[in-house]
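Worksheet for the structure shown next.
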RNA sequence: GCGGAGUUAGUUUAGUCUGGUAUGACGUCAGCUUCCCAAGCUGAAGGCCGCGGGUUCAAAUCCCGCACUCCGCACCA
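Numbering (our numbering), first residue to last: 331 to 814.
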């Protein structure tokens, strides 16, 4: 299904919509989740916890969104997360200073150079706007982080541009107090903030967005000694280095395109996780990034990408960050980050699985939404355990006591699952509405229910119905919506 | 940020050239009907036409500015 149709569903059925939309000064790049979107997101995260966090006995934390300046001096974001930009004084086009200089006069200046160095090079070589031949103004630094002023003195701090910095900063305490042992995974779900120049396509490019990040701390000498590797060695992953993606088992990957078993293990469990979200795994790939594409902190990087109607979309960045973060925070804070691994004292290396939640949710919607032309309906075929509404509870007609009976059934099950009560309108219309929000089941109270305490249960995907006892409803639903 | 297209009810849309406060459909709500898949009948709610300014007796409509959305470029830890 295409972007436009998903967008329409999102607006009409309460998945997501623009933030502050009633005001004209609403800024681009901010979106809200409605009731259906929150339901989907919560269940997606529960699946993530089951498949990754609990599976590997990781620790989960919830850190501050505003962090001090020192954090980002140490992390490199204040220096590296900024681009030197130049603006044409005539047509107002914006360019990156380093790239424009490199392209026009073949002079390489590192992007972290002093701003005057760009200005000097531009004036010495008489570089003009490639579009209109106008003059450039002074080079400016554009940092993608949002700066905030704390307290009356407006002390400098920043909204975090990635959630993981709290994990690095908290690592010494967590390792000591939680009795850590390498390898140790620490996870966090939360919001991150980036001042994107051109946010676009709703959930795909936001200025305020959700990440689910996992940082695995490990002994760099033991990257091929992974006890649990056998659990996933036969999982098929698709890896792309040069040319087309190649399907292979994790075992084969660890022996060829992926640096070691440690990295291959996480690519394997990540693939298993996404398969359970309902995303079409044959439309995914782990793309190895070249040196120019990688983030400044990454030694090796694989992007987990998925094919959508808008093209390939990055859902997860898998970065081997080596000791970049811990050694920089150690230097800046003068705290010790080394830990004992057996008899050996090591500064752990970090492998991260940095997941974009919003993009993942969009992809789940796009891959799950279908037009059932045979029955003239739109169906959101979500996995039952991800559906915002698990079951619709309907009265066939309102009269003859069916309404009261239906209310009774609803109150019996509403605490054990997400149930939705509906009496109004034609029964077919109510089924269609439930199909559109992805409710996997609908139960209907009819006249026979009054006689023998049974109801019909309808399956969303097949539209087939069967009759079950009301007394068995709770356990049947619980089984049907259980996580895998 | 540049260029292009667009913005009218929850959604979709007519009206914009040729100024006179807005049309239809779907959806929503209430009632009737209805023993299972968007049926029918009756009724209702919902828009100061993206925002601000200008021209005019009068602006959804003409002019200017801005914002947002989509596409392309650039950017994208």
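All residues carry an ideal CB built from backbone N, CA and C; glycine is no exception. Source: prediction; values computed, not measured.
query	result
Quick one, which of 475, 495, 660 and 636 has its alpha-carbon nearest residue 486's?	475
Looking only at C-alpha atoms, which of 770, 419 and 668 sits nearest to residue 711?	770
Below 8 Å between beta carbons: does that hold for residue 787 and residue 795?	yes
Return the chain-ordered list of same chain residues with a C-beta closer than 7 Å to the C-beta of residue 798, the five sequence neighbours on each side being excluded.	784, 785, 787 and 806
Could you spell out the range, first to last residue, of the beta strand (DSSP E) harbouring residue 649?	641–652
Output the boundary residues of the alpha helix (DSSP H) element that contains residue 772.	Careful: residue 772 lies outside any alpha helix (DSSP H), inside the beta strand (DSSP E) at 771–775.
Can you give me the C-alpha to C-alpha distance between residue 696 and residue 332, rounded to a whole angstrom?	7 Å
So does the segment 554–565 actually touch the segment 369–378, counting three or more Cβ pairs closer than 8 Å?	no
With a cut-off of 8 Å, do at least 3 Cβ pairs link the segment 716–736 to the segment 665–683?	no
Helix, strand or coil: how does DSSP classify residue 793 here?	coil
Count the other CB atoms, across all protein chains shown, that sit within 10 Å of the CB of residue 682; report buried if there are 16 or more and exposed otherwise.	buried
Can you check which of these residues, 649, 612 and 621, is closest to residue 638 by C-alpha distance?	612
Can you tell me which of 673, 389 and 685 puts its alpha carbon nearest to the alpha carbon of residue 504?	389
Between the segment 762–776 and the segment 712–732, can you find at least three pairs of beta-carbon atoms closer than 8 Å?	yes
Measure the C-alpha to C-alpha separation of residue 586 and residue 687 and round it to an integer number of angstroms.	30 Å
Could I get the ranges of all uninterrupted beta strand (DSSP E) runs contained in the segment 384–465, with 3 residues as the minimum, in chain order?	389–391, 396–398, 412–417 and 424–426
Between residue 708 and residue 609, which are expected to be in contact by the criterion C-beta below 8 Å, what is the C-beta distance as a whole number of angstroms?	Their Cβ separation, rounded to whole angstroms, is 19 Å, which puts residue 708 and residue 609 out of contact at 8 Å.
If we ignore side chains and look at the alpha-carbon of each, how far apart do residue 555 and residue 591 end up?	7 Å
With contact counted as at least three CB pairs below 8 Å, one residue from each stretch, are the segment 345–365 and the segment 534–546 in contact?	yes
Starting from residue 380, trace the beta strand (DSSP E) both ways and give me its first and last residue.	First-last for residue 380: undefined, no H or E at that position.
For the beta strand (DSSP E) that contains residue 337, what are its first and last residues?	Not the beta strand (DSSP E): residue 337 falls in the alpha helix (DSSP H), residues 333–342.
Mapping DSSP to helix, strand and coil, what is residue 788?	strand
Under the rule that 16 or more other beta-carbon atoms within 10 Å means buried, what is residue 436, buried or exposed?	exposed
Nearest by alpha-carbon distance to residue 568: which of 551, 557 and 594 is it?	594
Is residue 346 closer than 8 Å to residue 364 when the C-beta atoms are compared?	yes
Whole-angstrom Cβ separation of residue 492 and residue 684, contact assumed at under 8 Å?	7 Å
Give the secondary structure of residue 659 by DSSP, where H, G and I count as helix, E and B as strand, and everything else as coil.	helix
Our contact map puts residue 640 next to residue 616 with C-beta atoms below 8 Å; I'd like the distance itself, whole angstroms only.	Actually they do not touch by this definition, with Cβ atoms about 20 Å apart.
Across which residues does DSSP place residue 530 in a beta bridge pair?	535
Which whole-angstrom value describes the C-beta separation of residue 715 and residue 603, a residue pair presumed to lie in contact below a C-beta threshold of 8 Å?	Incorrect: roughly 13 Å between the Cβ atoms, too far for contact.
Cα separation between residue 403 and residue 397?	11 Å
Classify residue 531: buried if its beta carbon has 16 or more other beta carbons within 10 angstroms, exposed otherwise.	exposed
Can you tell me whether residue 493 is helix, strand or coil according to DSSP?	coil
Pick helix, strand or coil for residue 348, following the three-state DSSP scheme.	strand
With a Cβ-Cβ cutoff of 8 Å, do residue 501 and residue 656 count as a contact?	yes
When the Cα of residue 763 is compared with those of 343, 334 and 338, which residue comes out closest?	343
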